Structures are given as structure tokens and as C-alpha cells.
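See below for the structure under consideration.
Below is the structure:
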């Protein structure tokens, strides 16, 4: 007998929980979907949750019992999730880094300043 299931879990942690932040005890699940691991699944299944999260980001505060609390958001996950969440291909693609825009043919070139590939208007091409 075989069972095939692809559960994607959207969760959050509070950093002040210290060492619990990297364990299941420190994570709070806010969404679960059983579907293929691809960008479209995240986009359709978690869109409402992601919109709620993004609404917190611009002002960096939430209201708890009539008190405003400062919040700083960080995106985390394994490499596959980070690429998928940003609509990127796998680790062997031309642009495999979610943080920079270096094409795979130029990853060896250390002659450029770090900011060269991180300019705001630099496309992934």
C-alpha cells in the first residue's frame, strides 16, 4: 500500500521564543493545503493569508488589546519553498538565487562590486 500526499504548511514563529523558534513547539500553523508543491498552489490556496500578512508589513505594527505592537517580518523556509514562493525555478536554473540577480554563467566573476547584481532596476536576464 502506498500513500502519496503533499501537504504544504504555512506557519509563523515569534523570535523572542529563542530556541523554540526552530522547533515545532515554536511554530504556529495558520494554513495547510494538500496539493502539488508549486507556486500556483501557494498563490491560490494561501492568497488570503498572504494578503493579511502583507497588510501588516507597510506600517510594521499590529493592534493587540488596544495596544500597538511593533512587528518585523522575515520570510523563511527551505530553499525549495523560498524559490517556489518567489515564482522561481530550481537550484540549477539560470537565476537560482532568491537574493541576487547573478546569471549562472557569471557566478564565478568576483571582479564586480556586491551591489552590481543587486541594483533595484537590474532584471534577471
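Numbering (the numbering used here), first residue to last: 238 to 362. Every residue gets a Cβ at the ideal spot worked out from N, C-alpha and C, and that includes glycine. On a predicted model such as this, the values are computed, not experimentally measured, just so you know.
Cβ shell of residue i (< 7 Å), same chain only, five flanking positions each side left out
i           : result
residue 248 : 264, 265, 266, 267
residue 341 : 331, 333
Option in the options with minimal Cα separation from residue i
i           : options            : result
residue 275 : 245, 309, 304, 313 : 245
residue 243 : 272, 261, 262      : 272
residue 250 : 308, 325, 296      : 308
residue 338 : 346, 355, 351      : 355
For residue i, the three-state DSSP class (helix, strand or coil)
i           : result
residue 308 : coil
residue 301 : strand
residue 288 : helix
residue 264 : strand
residue 253 : helix
residue 313 : coil
residue 296 : coil
DSSP bridge partner residues for residue i (one or two, in chain order)
i           : result
residue 269 : 246
Exposure of residue i, with buried meaning 16 or more beta-carbon neighbours within 10 Å
i           : result
residue 299 : exposed
residue 301 : exposed
residue 210 : Residue 210 lies beyond the residue range present for the chain, which begins at 238 and ends at 362; the question has no answer from this structure.
Other residues of its chain near residue i: CB distance less than 6 Å, five sequence neighbours each side excluded
i           : result
residue 283 : 247, 268
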